[in-house]
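**Q** Quick note: the sequence shown uses this note's numbering, first residue 238, plus one each step.
Take a look at this one; I'll ask things after.
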Amino acid sequence: MAESMSSFGDSAEKTGGLTRRQFLGRAWWVAAGAVGLETIGGLVASLWPRIEEGSFGSKLKIATVEEAMAMPVGTVTYFPEQRFYLSRVESGFLALYRKCTHVGCVVPWQPEDPSEDDLAANGRFNCPCHGGIFDRYGVVHSGPPPRPLDIFPVTVENGELVVDTGTIIQRSGFEESQATEV
Ligand code: FES
Numbered sequence: 238m239a240e241s242m243s244s245f246g247d248s249a250e251k252t253g254g255l256t257r258r259q260f261l262g263r264a265w266w267v268a269a270g271a272v273g274l275e276t277i278g279g280l281v282a283s284l285w286p287r288i289e290e291g292s293f294g295s296k297l298k299i300a301t302v303e304e305a306m307a308m309p310v311g312t313v314t315y316f317p318e319q320r321f322y323l324s325r326v327e328s329g330f331l332a333l334y335r336k337c338t339h340v341g342c343v344v345p346w347q348p349e350d351p352s353e354d355d356l357a358a359n360g361r362f363n364c365p366c367h368g369g370i371f372d373r374y375g376v377v378h379s380g381p382p383p384r385p386l387d388i389f390p391v392t393v394e395n396g397e398l399v400v401d402t403g404t405i406i407q408r409s410g411f412e413e414s415q416a417t418e419v
């Protein structure tokens, strides 16, 4: 009888060769490890920039070559979701980042204001924060911005204009080579 009780006690207390206490202890560590991994995974995922195709920070198809060529020289077209202006100048297309190079305010295009360049009579960028003024090349004409508006590379791929909003190019002035010919 004593032997049979002892055997009953062992089967109740042992799990897979471990005592109940050992088993519960290991199970706790496995559960804690799983929670820890999940937390670390979530943290890493939240820190890693998630760039969806077609959103700011990726390469964006913005127009067909035909659509782009229909924009007259001097035209400035706003792509608000993509955070840039497409400016057509004599030598091609510039994708101007809308972020002011002073302290980063969004710079609106003012189509009715007097122009600061020779391409058209009207249109310029007026920064609302400290009065910075840029022309349609993105070049500074007055105010505190230390350099022209930054640009994104523009390429032609399979008959479409593609702007790489993941690559910001700083510049000290305008050069024709900055514009993409189509
Ligand atoms: S942020 Fe544009 S002029 Fe200051």
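Glycine included, every Cβ here is placed at the ideal spot set by N, Cα and C.
Which term fits Ile-388, buried or exposed, when burial requires 16 or more other beta carbons within 10 angstroms of its beta carbon?
**A** Classification of Ile-388: buried, given that the 10 Å Cβ count is 16 or more.
**Q** Please report how far the alpha carbon of Gly-291 lies from the alpha carbon of Asn-359, in whole angstroms.
**A** Rounded to whole angstroms, Gly-291 to Asn-359 spans 32 Å at the Cα level.
**Q** Let me know the alpha helix (DSSP H) ranges lying completely inside the region 302–366, each 4 residues or longer, listed in chain order.
**A** With a minimum length of 4 residues, the continuous alpha helix (DSSP H) runs that stay inside the region 302–366 are 302–306.
**Q** Quick check: the Cα distance between Ile-406 and Arg-263, rounded to an integer number of angstroms?
**A** Whole-angstrom Cα-Cα distance: 54 Å.
**Q** For a test of the three-state rule: what should DSSP assign to Ser-414, helix, strand or coil?
**A** Helix at Ser-414.
**Q** If you draw a straight line from the C-alpha of Val-302 to the C-alpha of Thr-402, how long is it?
**A** Distance between the alpha carbons of Val-302 and Thr-402: 19 Å.
**Q** Does the Cβ of Trp-262 lie closer than 7 Å to at least one heavy atom of the ligand FES?
**A** Here residue 262 is Gly; the residue named in the question, Trp, does not match the sequence. Checking every heavy atom of the ligand FES against the Cβ of Gly-262, none is found closer than 7 Å.
**Q** Can you give the Cα-Cα distance for Ser-324 and Leu-331, rounded to whole angstroms?
**A** Ser-324 and Leu-331: Cα-Cα distance of roughly 5 Å.
**Q** Within 10 angstroms of the Cβ of Asp-350, are there 16 or more other Cβ atoms? Answer buried if so, exposed if not.
**A** Asp-350 is exposed by the Cβ-count criterion.
**Q** Looking at Gly-368 and Val-377, is the spacing between their C-beta atoms short of 8 Å?
**A** Cβ atoms of Val-377 and Gly-368: not closer than 8 Å.
**Q** Smallest Cα separation from Glu-413: which of Glu-318, His-339, Arg-258 and Val-326?
**A** Cα-wise, what sits closest to Glu-413 is Val-326.
**Q** For the candidate residues Trp-346, Cys-337, Pro-348 and Pro-385, whose alpha-carbon lies nearest to that of Gly-410?
**A** When each option's Cα is compared against that of Gly-410, the closest is Pro-385.
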